[in-house]
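Here the structure is laid out as structure tokens; the discussion comes afterwards.
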Amino acid sequence: MVTLNDIVDTTTVKRVAGGFVFTEGPLWHPDGFVYFVDLRSNVLFRMVLGEKPTKVRDTVAGNGCTFDLQGRLVNCEGGRRRVYRIENDGSLTTIAEEFGGARLSRPNDVICAHDGSLYFTDPNYRVPLREREIGHGAVYRIAIDGSISEVAKIEYPNGLALSKDERTLYVSNTRWSQYIAALEIDQNGKLLRRRIFADMSAGMCSDESSGCPDGMKVDEAGRVFCTGARGVWVFEPDGTLIGIIETPEICANLAFVGGDLKTLLLTASTSVYTLRVKTSGLPHPSYKNLKH
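Per the UniProt record's numbering, the sequence shown runs over residues 1 to 292.
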């Protein structure tokens, strides 16, 4: 039976940066630095591990980050109810702000598939009722031609990750019933069937004082890492819970970083932490196009 000792290479997390309000959206660049946001201070940062973070730009509740296949940074900016891209010249391009003629609610997290399509979550319960135009939370797909389709309705969709073969889209549900949904999709992102991958309601707290299902990543062995109550929950590919990597603060998201992708970087409230693991995380599809 696999245990956490088979997963982690170091037993305690290391604090590598602090002094923030609520860190989120970590994204590793193979040139040796990481992007992350301070969600509640409205700043996107860039940081070389071991050095002081530097400000990239102001955001309005900027959250999840990814790259497109060309290596351009994509960010969910919840306060502006959009997903935008930073062009090579530094200008910004909004790539999603409405669906079916209705304004998005609060885009939260975003990932990139190998075909260049982007998936993002859009929960609606943090938008005042009178301002909700779509009326439900959902996961959306931005195709390479820029068209947007709804993959699935979810009560409160938050973090998301793709399996290695990209036929399963994992989505964390943060409110009320706390769980990870497994959405089986075809090559065009169309939903084929859905199931509950893992129940994360054990120890759940309605005021989020101990954390809740949020950011997710998948390693080369197909194991799913999801932030939740007390830290990071690690699951076998079949949904069996291996254990919880406990963190000193509420952990909202994570990323596999470093040249070997065996350092787990954790964005946890006021700080950023790292922990060494024994299996590499899945590389971002754009890495082969980015400078090393």
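For every residue, glycine included, the Cβ atom is placed at its ideal position computed from N, Cα and C.
Would you kindly check if the distance between the Cβ of residue j and the Cβ of residue i is under 9 Å?
i: I242; j: D6; result: yes
i: N108; j: G71; result: no
i: A229; j: R194; result: no
i: V21; j: R40; result: yes
i: V277; j: R15; result: no
i: M200; j: Y179; result: yes
i: C76; j: G116; result: no
i: G79; j: G64; result: no
Determine the DSSP secondary structure at residue i, reduced to helix, strand or coil.
i: residue 319; result: Because the chain here runs from 1 to 292, residue 319 falls outside it and cannot be looked at.
i: Y119; result: strand
i: Y273; result: strand
i: K164; result: coil
i: G243; result: strand
i: N158; result: strand
i: H292; result: The predicted position of H292 is uncertain, since its pLDDT is 45 and thus under 50; no value can be drawn from it.
i: G62; result: strand
i: Y287; result: helix
i: R72; result: coil
Quick check on the DSSP output: the beta strand (DSSP E) that includes residue i runs from which residue to which?
i: Y84; result: R82 to I86
i: F256; result: N253 to V257
i: F33; result: F33 to D38
i: F225; result: V224 to G228
i: S105; result: No beta strand (DSSP E) holds S105; DSSP gives it neither H nor E.
i: F20; result: Taken as a continuous stretch (DSSP letters only), F20 belongs to no beta strand (DSSP E), as it is neither H nor E.
Note down the Cα distance separating residue i from residue j, rounded to an integer number of angstroms.
i: V110; j: L118; result: 7 Å
i: P123; j: Y156; result: 5 Å
i: S91; j: Y84; result: 10 Å
i: residue 331; j: G101; result: Residue 331 lies beyond the residue range present for the chain, which begins at 1 and ends at 292; the question has no answer from this structure.
i: N42; j: M1; result: 43 Å
i: P30; j: S286; result: 10 Å
i: L4; j: W176; result: 28 Å
i: H136; j: D89; result: 36 Å
i: R223; j: D214; result: 16 Å
Could you check how far apart the C-beta atoms of residue i and residue j are, in whole angstroms? I think they sit under 8 Å.
i: V13; j: L266; result: 6 Å
i: W28; j: V34; result: 5 Å
i: G231; j: E220; result: Actually they do not touch by this definition, with Cβ atoms about 21 Å apart.
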